[in-house]
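Residue 107 in the working numbering sits at position 97 of the sequence shown, and the numbers go up by one each step.
Backbone N, C-alpha and C define an ideal beta-carbon position, used for all residues, glycine too.
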Amino acid sequence: MIPTQEEGSKATGLILVVDDEPPLLKMMSVYLKRLGHSVVTADTTEQALAAAESAQPQFAAAVLDASMEGLSMQDLAMRLLKGNSAIRVIATSGYPVDMAAMEAAAPGRVMFLPKPFSPEMLASAVRRMLADQEEAL
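And the structure:
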């Protein structure tokens, strides 16, 4: 079952979703929009950087696929984190990902969500990251 905003979740923030698999990109966008989030999607790392540079307001969170062409997920994440002191990053992959460098550079602002994940798992990860963001303010 896809969670919805009416089921008690309070959605806030603009979210960037980056994945090179169109069906997965669309599904994540739909899930997050149903929770009440505003969503911008990108299917390349270049599109993601351009979106981050032009986003007003800035992104509250980014959901990044770990295996895309172009910039590595770590490089993309570090650029997003450096350019936006409030953004939270959720890295997704079906394979293990070394998160140590990102966690060291941005403690509490990054997390890993293994693929495959359910809509509930995505919703929970986003809620947790945005709640941490609000506590930090």
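DSSP links R89 through a beta bridge to no other residue.
Rounded to the nearest whole angstrom, the CA to CA distance from A110 to R89 is 16 Å. Under the 8 Å Cβ criterion, the segment 23-36 counts as touching the segment 64-74, having at least three qualifying pairs. Scanning the segment 26-79 for uninterrupted beta strand (DSSP E) segments of 3 residues or longer gives 48-52, 71-75, listed from N- to C-terminal end. For M121, the enclosing beta strand (DSSP E) covers residues 120-124. Restricting attention to L132, R44, A76, A65, the CA atom closest to the CA of T54 is found in A76. Close CB contacts of L123 within its chain, under the 6 Å cut and outside five residues either way in sequence, are with I100, T102, A135 (chain order). Residue state for L132 is assigned as helix, using DSSP reduced to three classes. Cβ-Cβ separation between R98 and M139: approximately 4 Å, consistent with a contact (criterion under 8 Å). Excluding five sequence positions before and after Q143, the CB atoms of its chain that fall closer than 7 Å to its own CB belong to A70, A96, R98, given in chain order. Put simply, the backbone Cα of A61 is about 9 Å away from that of T51. By the C-beta density criterion, V49 is buried, having at least 16 other C-beta atoms within 10 angstroms. For the pair A141 and Y41, the CB atoms are not nearer than the 8 Å cut-off.
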